[in-house]
Structures are given as structure tokens and as C-alpha cells.
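Enquirer: Attaching a single structure in C-alpha cells format; questions to follow.
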Amino acid sequence: MNREEYDILIGREAAHWSVVACDGEDPQIWDDARLFEIFFGREYRHFLRRVEEHGPRVLELGCGSGGTALALAGRGLRVTGIDLSPERVRAAGREALRRGLADRTEFLSGDLNLMPLPPSSFDCVVAHDALHHILELGDLLDRVRAALVPGGRLVVMDFVGMGSVRRVVAAGLFALLPTYRSYRSKWGLRRRLLSFLTPESRKRKAFAQGSAKLLHAESPFEEISGPSIHAEIASRFRVEEYFTFCPFWYYLAPKLRLPPSWRYPLARTLHALDGAMIRIRPRSGAHILMTAHND
Ligand SMILES: C[S@@+](CC[C@H](N)C(=O)[O-])C[C@H]1O[C@@H](n2cnc3c(N)ncnc32)[C@H](O)[C@@H]1O
């Protein structure tokens with residue numbers, strides 16, 4: 021893919037993130053604080069604690085509207101957040117002012133595939149749900165290494181995707197079970213199935229050949245990285261901690277149309293099923309948490 025084609029796709033990605041909001045037909049786990057707590061609460065607090073241990077100068081990659089950056093600034097860290105979407109960066113800045121955290125935060129907009137990072141400037145670099153959108157992941161990690169002081173840490177909590185069998189099962193259950201999206205509207209989504217079922221390796225190959233056919237229409241870089249995130253980090257840093265979690269049910273839980281009295285008890289049961297799956301196959305989670313040391 022040439023630079024002109026890349027610019028069109030990254031523009032589409034930025035536009036997607038600039039307007040993304042809770043979609044009543046397609047709720048995500050982060051749209052419901054109680055569901056987020058059930059599936060991710062423990063790991064997210066662990067992630068924040070790790071960063072807190074390794075601050076105080078923190079760089080957040082793909083900071084979005086600043087949720088994580090502001091949680092860290094609230095714990096006394098100095099945070100620089102970078103995001104592709106200028107709208108999200110502005111929203112983060114406004115929220116920092118509202119919470120009285122503007123003196124400890126800085127938000128910049130830029131494309132992490134390309135932008136230089138200041139050398140030896142941070143004690144800790146963090147990414148929450150961001151690296152799976154990065155095409156030039158290896159190159160970004162080289163810049164992250166240079167931006168960290170020696171002995172600094174990279175702390176990542178990210179989505180690495182489900183295996184192909186689970187994707188097919190998830191798509192089938194989504195199609196069959198009653199969800200906030202009507203059956204008619206789900207039928208209209210069938211063209212997206214190709215992108216949902218295509219693994220990282222095939223997406224990257226198609227991309228390199230100049231084709232955007234297998235990419236998500238609105239968010240072309242969705243899951244352009246996934247299983248490779250662990251290997252790319254491990255080849256550049258000394259991994260101190262690595263585990264996976266939430267292999268399956270986190271994906272469907274927010275989408276199921278249920279009476280409110282069933283929603284959270286069922287979510288807790290589904291989370292327990294996810295936990296059982298992880299005990300049987302510890303590396304099968306669709307999400308990872310990693311702490312890596314810059315030797
Ligand atoms: C799933 S959101 C996560 C946002 C935030 N970290 C959070 O947890 O709320 C992914 C974010 O990555 C950003 N992003 C995607 N591609 C990027 C790129 N090439 N450079 C910088 N940010 C990017 C998007 O704009 C979006 O805000």
C-alpha cells in the first residue's frame with residue numbers, strides 16, 4: 021500500500037474514533053461500568069497499580085478521551101497522552117481542566133505509526149486497548165524503547181483477539197441470540213463478517229498487497245495487530261509479567277438483550293466461565309496484561 025492510500029485509511033480511522041459514541045444497538049463492554057467491572061475491573065486496577073509503581077513520568081499511547089491518563093494523573097503521576105483523534109485529545113484536555121489535573125497532564129494528537137517520540141523522557145510507557153490498532157508496531161516499539169529511560173517499563177493491557185474457532189462461534193451466537201441489534205439489522209452486518217473472521221496475518225498480507233478488502237470499513241486498522249503484540253514486545257524488552265484473560269464471553273455479554281434483573285447475575289456467570297476457560301488454557305485469553313523492562 022502506498023503513502024497516499026495509507027493516508028486515506030488513517031484519515032478514516034481518525035474520523036471513526038472522533039465520533040465514536042455509545043451505540044444503543046451495539047453496546048460495548050466499556051459502555052456499562054458495572055459490566056466493565058465484572059469482566060475487567062480486577063485486571064484494570066492491577067494495570068493502574070503497575071504503572072503507578074513505575075512512574076512518575078508516563079507516556080500513554082492511544083489515550084482516547086483520557087480515561088486512563090486521568091486515572092493515573094489522579095494518582096499523582098505526570099502523564100503525556102497521544103491519540104490519533106484531535107477531537108478525543110481535546111475532550112481529554114477539557115476533562116483534565118474540569119478535574120483540576122491540567123498541570124499534570126498533556127494531550128497531543130498524532131499518528132503513532134509515524135510520529136517521533138522524545139528520547140529518554142519517560143519512566144513508564146503505557147497502552148490500554150490501543151496497540152491492536154497499530155500497523156507499524158515493531159517500529160513504534162523501537163521508538164518506545166528509545167523514549168524510555170534505561171530501566172523504564174512498558175505496561176500494556178490490550179486486546180489480542182480470539183482464535184478463529186471462537187470467532188466463528190461468537191458470530192454464530194451473536195446472530196442467533198436476542199441482542200440489542202434486531203435480527204434484520206444483524207443481517208445487514210453480514211459484509212462485516214469477513215473482517216471479523218480474518219486473522220491479523222491475513223489482514224497484514226492483504227494490506228501489504230495494497231488491498232483494503234479484508235479491513236473493517238469504518239476502522240480500517242481494527243485488529244491489524246493482535247497475537248503478534250506479545251512477540252513484538254518480548255523481542256525488544258525483558259518481560260517481567262504476562263498473563264491473558266477474558267477469552268470469550270466478555271464479547272457477547274454487553275450485546276445480549278436481557279431483563280435488567282438478569283443482566284448482571286448472568287454476566288457474573290459468564291465471567292466465571294471465562295475464568296474456567298483460562299484455568300484450562302492459560303494463554304487463551306483475548307486480552308493480555310504485560311509489564312516489560314527496558315534493559
Ligand atoms: C479502543 S480506543 C482506546 C482508547 C483509550 N486507551 C481507552 O482505553 O479508553 C483506541 C484508541 O487508539 C487510537 N488510535 C488508533 N490508531 C492510532 C494511531 N495510529 N495513532 C494514535 N492513536 C491511535 C484511537 O483514536 C482510539 O482513541
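Taking this note's numbering, the leading residue of the sequence shown gets 21, the next gets one more, and so forth. Quick reminder that beta carbons are idealized off the backbone N, C-alpha and C, glycines included.
With DSSP as the reference, label MET344 as helix, strand or coil.
Expert: What the structure shows of the chain is the stretch from 21 to 315, and residue 344 is not part of that stretch, so it cannot be assessed.
Enquirer: How big is the Cα-Cα spacing for ALA122 and ARG163?
Expert: Along the sequence shown, read from residue 1 onward, the residue named residue 122 stands at position 102. Along the sequence shown, read from residue 1 onward, the residue named residue 163 stands at position 143. One Cα belongs to ALA122, the other to ARG163, and the distance between them is close to 26 Å.
Enquirer: Using 8 Å as the Cβ pair cut-off and three pairs as the minimum, do the segment 250–260 and the segment 151–167 touch?
Expert: yes
Enquirer: Starting from the C-beta of ARG70, find all residues in its chain whose C-beta is less than 6 Å away, skip the five residues before and the five after it, and write them out in chain order.
Expert: The count along the sequence shown starts at 1 and reaches residue 70 at position 50. Around ARG70: VAL175, THR311.
Enquirer: Would you mind sorting PRO274 into buried or exposed? The rule is 16 or more other CB atoms within 10 Å of its CB.
Expert: Taking the sequence shown and counting its residues from 1, one reaches residue 274 at position 254. The residue in question, PRO274, is buried, as its Cβ has 16 or more Cβ neighbours within 10 Å.
Enquirer: Using a Cβ-Cβ cutoff of less than 6 Å, which residues in the same chain neighbour CYS266 once the five nearest sequence positions on both sides are dropped?
Expert: Position 246 of the sequence shown holds residue 266. Hits under 6 Å: PHE59, ASP294, GLY305, ALA306, HIS307.
Enquirer: By DSSP, does MET297 sit in helix, in strand, or in coil?
Expert: Stepping through the sequence shown from its first residue, residue 297 is reached at position 277. Reduced to three states, the DSSP call for MET297 is helix.
Enquirer: Looking at the secondary structure, which residues open and close the alpha helix (DSSP H) in which ASP162 lies?
Expert: Position 142 of the sequence shown, counted from the first residue, corresponds to residue 162. Start and end: 157–167.
Enquirer: Between the C-alpha atoms of GLY172 and ARG98, what's the straight-line distance to the nearest angstrom?
Expert: Translated into the one-based positions of the sequence shown, residue 172 becomes position 152. Translated into the one-based positions of the sequence shown, residue 98 becomes position 78. In a straight line, the C-alpha of GLY172 is about 15 Å away from that of ARG98.
Enquirer: In three-state DSSP terms, what is ALA150?
Expert: As a working mapping, residue 150 is identified with position 130 in the sequence shown. When DSSP states are grouped into helix, strand and coil, ALA150 belongs to the coil group.
Enquirer: Thinking just about the alpha-carbon of each residue, which of ALA232, TYR270, GLY101 is nearest to the one in ARG186?
Expert: Taking the first residue of the sequence shown as 1, we reach residue 186 at position 166. Proximity to ARG186 across ALA232, TYR270, GLY101 peaks at TYR270, based on C-alpha coordinates.
Enquirer: From TYR203 to GLU220, what distance separates their C-alpha atoms?
Expert: Looking up residue 203 in the sequence shown gives position 183. Looking up residue 220 in the sequence shown gives position 200. Approximately 28 Å, taken between the alpha carbons.
Enquirer: Locate the alpha helix (DSSP H) running through PHE60, then write down its first and last residues.
Expert: Reading the sequence shown from its first residue, position 40 is the one you call residue 60. From DSSP, the alpha helix (DSSP H) with PHE60 extends over 53–74.
Enquirer: Among the candidates ALA35, GLY87, ARG119, HIS74, whose CA atom is the shortest distance from the CA of GLU107?
Expert: Numbered from its first residue, the sequence shown carries residue 107 at position 87. Measuring from the Cα of GLU107, the nearest candidate turns out to be ALA35.
Enquirer: Can the beta-carbon of MET21 be found less than 7 Å from the beta-carbon of PHE241?
Expert: Counted from its first residue, the sequence shown places residue 21 at position 1. Counted from its first residue, the sequence shown places residue 241 at position 221. The answer is no: Cβ separation not under 7 Å.
Enquirer: What did DSSP end up calling GLY171 once you bin it into helix, strand or coil?
Expert: Taking the sequence shown and counting its residues from 1, the one referred to as residue 171 is at position 151. DSSP, reduced to helix, strand and coil, places GLY171 within a strand of the structure shown.
Enquirer: Closer than 6 Å to a non-hydrogen atom of ligand 1 - does that hold for the CB of ASN133?
Expert: Numbered from 1 along the sequence shown, position 113 holds the residue referred to as residue 133. Result yes, Cβ under 6 Å from ligand 1.
Enquirer: Flag this pair as touching only if the segment 71–84 and the segment 131–146 have three or more C-beta atom pairs under 8 Å; answer yes or no.
Expert: Yes, they touch.
Enquirer: Is ARG108 near ligand 1, in the sense that its beta carbon is under 6 Å from a heavy atom of that ligand?
Expert: The residue labelled residue 108 in the question sits at position 88 within the sequence shown. Taking 6 Å as the cut-off, the C-beta of ARG108 counts as close to a heavy atom of ligand 1.
Enquirer: For GLY101, list the residues DSSP reports as bridge partners.
Expert: Position 81 of the sequence shown, counted from the first residue, corresponds to residue 101. Answer by DSSP bridge pairing, in chain order: GLU80, PHE127.
Enquirer: Nearer than 6 Å: is that true of the beta carbon of GLY82 relative to any heavy atom of ligand 1?
Expert: Within the sequence shown, residue 82 is the residue found at index 62, counting from 1. It does: the Cβ of GLY82 is within 6 Å (strictly closer) of some heavy atom of ligand 1.
Enquirer: Indicate whether at least one CB of chain B lies closer than 7 Å to the CB of MET297.
Expert: In the structure shown, chain B does not exist; there is a single protein chain.
Enquirer: May I ask you to list the residues that DSSP assigns as paired with ARG258?
Expert: The count along the sequence shown starts at 1 and reaches residue 258 at position 238. The secondary-structure analysis by DSSP pairs ARG258 across a beta bridge with HIS313.
Enquirer: Who does VAL145 pair with in a DSSP beta bridge?
Expert: Indexing the sequence shown from 1 puts residue 145 at position 125. VAL145 is bridged to LEU79, LEU174.
Enquirer: HIS236 lies in the alpha helix (DSSP H); which residues open and close that run?
Expert: Against the sequence shown, residue 236 aligns to sequence position 216. Careful: HIS236 lies outside any alpha helix (DSSP H) and carries neither H nor E.
Enquirer: Please list, in chain order, all residues of the same chain as ARG124 whose beta carbon is under 6 Å from its beta carbon, the five residues on each side excluded.
Expert: As a position in the sequence shown, residue 124 is number 104, starting the count at 1. For ARG124, the CB contacts under 6 Å within the same chain, skipping 5 residues up- and downstream, are ALA93, ARG98 in chain order.
Enquirer: Report the option in LYS206, SER245, TYR262 whose CA atom is closest to the CA atom of ARG224.
Expert: The sequence position of residue 224 within the sequence shown is 204, counting from 1. Comparing Cα-Cα distances from ARG224 to each of LYS206, SER245, TYR262, the minimum goes to SER245.
Enquirer: Is the Cβ-Cβ distance between ALA89 and CYS83 less than 7 Å?
Expert: Residue 89 sits at position 69 when you count from the first residue of the sequence shown. Residue 83 sits at position 63 when you count from the first residue of the sequence shown. Yes. Within cutoff.
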